[in-house]
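Inspection log for the structure reproduced underneath, given as structure tokens.
Protein chains: 2
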Amino acid sequence: MNKITLGLIGYGNVGSGVVQFLHKRKSYFKDKFNIEFDLKTICDRSIKKKLPNGLDHIRLTTNYKKIINDPEIDAVIELIGGIKPAKQIVLEALRKGKHVVTANKSLLAMHGKELFQEAQSCNRNIYYESSVMAGVPLIKMLTEGLAGNKFKSLYGIINGTCNYILTGMTQKDLTFGQALSDAQAKGFAESNPTLDINGMDSASKLAILVSLTMGKFISAEEVYTEGITQISHHDIEHAESLGLTIKLLAIAKKSHREIEARVHPTLISKKHPLADVNGIFNAMFVNASPMGDVLLSGEGAGQMTAASGVISDLFQLASRVGCPSDQYLANIYREAPQTKVRKIDDISTRFYIRFMAPDKVGVLSKITGILSKHKIGINSVTQKAHDHWASALPVIMLTDNAQEKMLRVALDKIHKQGIVKSKPVAIRMEELK
Amino acid sequence: MNKITLGLIGYGNVGSGVVQFLHKRKSYFKDKFNIEFDLKTICDRSIKKKLPNGLDHIRLTTNYKKIINDPEIDAVIELIGGIKPAKQIVLEALRKGKHVVTANKSLLAMHGKELFQEAQSCNRNIYYESSVMAGVPLIKMLTEGLAGNKFKSLYGIINGTCNYILTGMTQKDLTFGQALSDAQAKGFAESNPTLDINGMDSASKLAILVSLTMGKFISAEEVYTEGITQISHHDIEHAESLGLTIKLLAIAKKSHREIEARVHPTLISKKHPLADVNGIFNAMFVNASPMGDVLLSGEGAGQMTAASGVISDLFQLASRVGCPSDQYLANIYREAPQTKVRKIDDISTRFYIRFMAPDKVGVLSKITGILSKHKIGINSVTQKAHDHWASALPVIMLTDNAQEKMLRVALDKIHKQGIVKSKPVAIRMEELK
Chain A
9 MNKITLGLIG
19 YGNVGSGVVQ
29 FLHKRKSYFK
39 DKFNIEFDLK
49 TICDRSIKKK
59 LPNGLDHIRL
69 TTNYKKIIND
79 PEIDAVIELI
89 GGIKPAKQIV
99 LEALRKGKHV
109 VTANKSLLAM
119 HGKELFQEAQ
129 SCNRNIYYES
139 SVMAGVPLIK
149 MLTEGLAGNK
159 FKSLYGIING
169 TCNYILTGMT
179 QKDLTFGQAL
189 SDAQAKGFAE
199 SNPTLDINGM
209 DSASKLAILV
219 SLTMGKFISA
229 EEVYTEGITQ
239 ISHHDIEHAE
249 SLGLTIKLLA
259 IAKKSHREIE
269 ARVHPTLISK
279 KHPLADVNGI
289 FNAMFVNASP
299 MGDVLLSGEG
309 AGQMTAASGV
319 ISDLFQLASR
329 VGCPSDQYLA
339 NIYREAPQTK
349 VRKIDDISTR
359 FYIRFMAPDK
369 VGVLSKITGI
379 LSKHKIGINS
389 VTQKAHDHWA
399 SALPVIMLTD
409 NAQEKMLRVA
419 LDKIHKQGIV
429 KSKPVAIRME
439 ELK
Chain B
9 MNKITLGLIG
19 YGNVGSGVVQ
29 FLHKRKSYFK
39 DKFNIEFDLK
49 TICDRSIKKK
59 LPNGLDHIRL
69 TTNYKKIIND
79 PEIDAVIELI
89 GGIKPAKQIV
99 LEALRKGKHV
109 VTANKSLLAM
119 HGKELFQEAQ
129 SCNRNIYYES
139 SVMAGVPLIK
149 MLTEGLAGNK
159 FKSLYGIING
169 TCNYILTGMT
179 QKDLTFGQAL
189 SDAQAKGFAE
199 SNPTLDINGM
209 DSASKLAILV
219 SLTMGKFISA
229 EEVYTEGITQ
239 ISHHDIEHAE
249 SLGLTIKLLA
259 IAKKSHREIE
269 ARVHPTLISK
279 KHPLADVNGI
289 FNAMFVNASP
299 MGDVLLSGEG
309 AGQMTAASGV
319 ISDLFQLASR
329 VGCPSDQYLA
339 NIYREAPQTK
349 VRKIDDISTR
359 FYIRFMAPDK
369 VGVLSKITGI
379 LSKHKIGINS
389 VTQKAHDHWA
399 SALPVIMLTD
409 NAQEKMLRVA
419 LDKIHKQGIV
429 KSKPVAIRME
439 ELK
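Same order as they appear, the protein sequences are chains A and B. Mind the numbering: the first sequence is residues 9 to 441 in my numbering, read in order. Mind the numbering: the second sequence is residues 9 to 441 in my numbering, read in order.
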């Protein structure tokens, strides 16, 4: 019998899910895997919390040192989130010789390099499957399942709140506000949804994935990030009519020594598998060499899905008792020299552009003139049917690949010269190749 | 530097892919993972085969004992396929203290239990990611990524040849014969495609997955198996008009102590993610508790995709040097007592039934009468438009859940009593819940 003694720090939603999981499956784990997880101590700010029946033997404390300093405890599960005091707790736990399981994406996105280095020098491991897409085993797929491959691109829908909102706007014709309230009513968005809808949650997750797969540790700050608050219902409708749909994509690409890492609303073909990933579902579409394309999707949030990732980490941990820890693939983070992150200005993508054009002769030629001066090729133009009541008509253009900086300059000129009625709307497109 | 000395047995399509992979990424593996894979010896029936430039140092032999008996070799990669002599080679390799990496689905499906037991008693591991869906990391997802979960159901498209053929019949209106020749012309079907189109290839893969996830070792013979050769273009069209599509699904379900394991053409909603898995792509849709639904898809065949799975196995192997091998999750196969495989006769599913009914009064009432006598509820009926030239008209019925045995008896009566012109066609439906 392989027995692992655990301490849990953070007894919130996910923490109590982990406790339930360990409790309900105790005998199953013994019978099938010959493993016993003994949860000895739980630390939480509020000591008042009740434990389920049958768990009265677990010690409750408000002082995490009671766990860190307990020589009987082999591994610490950190589920309080955020940087302070989580970072300190993880570092102390490693230094006290404990393995760490964490779902803390912000911590890993900001201090992953330091934490992994500390883990290595302490000859301990950090397990973090639930830090991205909760229990959907993306981390293991990238670090172990596709080990040895080189990653050309990652395209992910990794924030369920945004995907639920965009799905509602697309399928139920809701406004952003209506879709957000719906998400909040159903518990798919927090009362303060800022970090979800502004894209920062996705950026943290993408930073972790890039650091693991592309040979350079990057922080969330290095990910160009736009949220979904500016997406209008009109643009979703226009996109639909062009066979496109709008998703908040987390995108990473590597060519030679340059990495692109960005999170923004993105137009993709309705025919691509990611276009069918709706509601709270998450998905990651990976292009690896020589493997090819792989798609992994599932519920990327929720108490028990997150708990599932923590439990799978505990099994990895248990299966590595007595192993040289520095060979744990998911902890290998060596960086490739001279790898750089490409600035957003220098990135080329296709664009969807909506101009609100006055119904006058020559407007289109002025617009296209300025675009061509800035080396922006136009792939298609759709002018909506004439409407005598409207002072301006939407003109939708899909560009060829264009450099971000040039496009910004061109759209600015078109706007400032008063050729169009309002600030042009530009949304990036991806072919997902 | 962690050095693993390898012997490869079987230098065919996948074998040479593995050799290329190891050769091209040698320095990448050293730099990023601090791992060196030293391929010392290759065994193949035909010694004539040439090795790529720069690999002249690798020994070639026709005698596998040269690998099995070499004390320097840590692990054996078995890629000859089939049972004989593969089984003997794997057993001997384990007994000589070598770990084994294999892509041999037939071997694992037929003798997995014996091989895993031998591995355990030899304190060695068997790695087999490429045995199902090639390098798409399904084995690791099920055994490690979702470790601790209980698996309620698996629905898989795990044979690219059949999926390519059915996609061609559905999207290009090809007959089965045309779609098969197309697949053969493109190299997606073998000159003798029997094991693919009769479902046996999928059955072997499903047997492996069930053995790993549902607490009982089953062999391919215990999987109820129907191929796609009987699928007619008419039924694909009728299905489409009902919002359904036909896939060759490998299905496993577990409830209490009973397992369903079957491979057959299956009607599923066009809205389900598996309906969008087309061509040579494979996919597995898993329902695990408490994780929920997870979908994994990718190219489930091909030289380099299969090689990718072998390489990821080698990394697992290298990362477990010095580990207690009996804790390797993917090798844990304890069976749950009294688990049984349910007989197909006792399984209940919904059915699509096509009757060719003579255009006479009372036919429908006779059919429905017999069905109701056999407790088969009808969910919908579609009678195709009247056509004076046709001696019989297709009547399409979708049933509620009905027991296989009762349905067979009922259809037999309806046919024998001459109520319909030809043998009724019945295709199972799944809701994928």
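Backbone N, C-alpha and C define an ideal beta-carbon position, used for all residues, glycine too. Values in this document were obtained by computation on a predicted structure and should not be read as measured data.
- Across the segment 164 to 183 of chain B, no CB contact with chain A closer than 8 Å is found for any residue.
- DSSP lists A:I276 as the bridge partner or partners of T253 (chain A).
- Unbroken alpha helix (DSSP H) runs of no fewer than 4 residues, entirely contained in the segment 20 to 58 of chain A, are found at 21 to 32, following chain order.
- For the C-beta of D284 (chain A), the chain B residues within less than 8 Å are, from N- to C-terminus, P281 and D284.
- Under a criterion of Cβ atoms nearer than 9 Å, the residues of chain B adjacent to G330 (chain A) are, in order, G330, C331, P332 and Q335.
- Within the same chain, and ignoring the five residues on either side of A314 (chain A) in sequence, the residues whose Cβ sits closer than 7 Å to its Cβ are V22, G25, A111, S138, A142 and G143.
- A direct Cα-to-Cα measurement between V403 (chain B) and R436 (chain A) gives close to 49 Å.
- Residue range F289 to S297 is occupied by the beta strand (DSSP E) that includes N295 (chain B).
- In the three-state reduction of the DSSP assignment, L188 (chain A) falls in the helix class, which pools H, G and I.
- I319 (chain A) sits in a helix when the DSSP states are folded into three classes.
- Contact between A291 (chain B) and L303 (chain B) is confirmed by a C-beta separation of about 6 Å, below the 8 Å threshold.
- Contact holds between the segment 161 to 170 of chain A and the segment 246 to 264 of chain A, because three or more Cβ pairs, one in each stretch, are under 8 Å apart.
- For the segment 289 to 320 of chain B, the set of residues with a beta-carbon nearer than 9 Å to any beta-carbon of chain A comprises F289, A291, V294, A296, S297, P298, M299, G300, D301, V302, L303, L304, S305, G306, E307, G310, Q311, M312, T313, A315, S316, G317, I319 and S320, in chain order.
- D420 (chain B) sits exposed, since fewer than 16 C-beta atoms from the chains shown fall within 10 Å of its C-beta.
- If you compare the alpha carbons of A:F124, A:Y72 and A:K40 with that of E343 (chain A), the shortest gap goes to A:F124.
- Distance from the CA atom of L59 (chain A) to the CA atom of T69 (chain A), rounded to whole angstroms, is 12 Å.
- Judged by their CB atoms, M177 (chain B) and A193 (chain B) are not nearer to each other than the 8 Å cut-off.
- With a threshold of 8 Å between beta carbons, K160 (chain B) makes no contact with chain A.
- In this structure, T237 (chain B) lies near I205 (chain B), with their beta-carbon atoms less than 8 Å apart.
- Around the C-beta of R328 (chain B), 16 or more other C-beta atoms lie within 10 Å, and the residue is accordingly described as buried.
- Close CB contacts of D353 (chain B) within its chain, under the 7 Å cut and outside five residues either way in sequence, are with E412 and K413 (chain order).
- If the five residues before and after K392 (chain B) are omitted, its C-beta is found closer than 7 Å to the C-beta atoms of L401 and P402, all from its own chain and listed in chain order.
- Excluding residues up to 5 positions away in sequence, I12, L14, L30, F37 and L322 lie with their Cβ nearer than 7 Å to the Cβ of F45 (chain B) in the same chain.
- Following the DSSP letters along the chain, one finds S114 (chain B) in no beta strand (DSSP E) but inside the alpha helix (DSSP H) bounded by residues K113 to S129.
- S240 (chain A) counts as exposed, since fewer than 16 other beta carbons sit within 10 angstroms of its beta carbon.
- In its chain, beyond the 5 residues on either side, L162 and V302 have a beta carbon closer than 6 Å to the beta carbon of V294 (chain A).
- N409 (chain B) has its alpha-carbon roughly 6 Å from the corresponding atom of S356 (chain B).
- Closer than 8 Å to the CB of A94 (chain A) there is not a single CB belonging to chain B.
- Counting along the chain, Q96 (chain A) sits inside the alpha helix (DSSP H) bounded by residues A94 to R103.
- By the CB criterion at 8 Å, K106 (chain B) and A83 (chain B) fall inside the cutoff.
- Here T347 (chain B) is not near I384 (chain B), since their CB atoms are 8 Å or more apart.
- The alpha-carbon of H382 (chain A) is positioned some 30 Å away from that of A211 (chain A).
- Contact fails between the segment 213 to 228 of chain B and the segment 241 to 251 of chain B, because fewer than three Cβ pairs, one in each stretch, are under 8 Å apart.
- Counting only runs of 4+ residues, the alpha helix (DSSP H) found wholly inside the segment 205 to 265 of chain B occupies 208 to 221 and 241 to 249, in chain order.
- In the displayed model, R416 (chain B) falls within a helix according to three-state DSSP.
- If one requires a minimum length of 3 residues, the beta strand (DSSP E) runs lying completely within the segment 332 to 384 of chain B are 356 to 366, in chain order.
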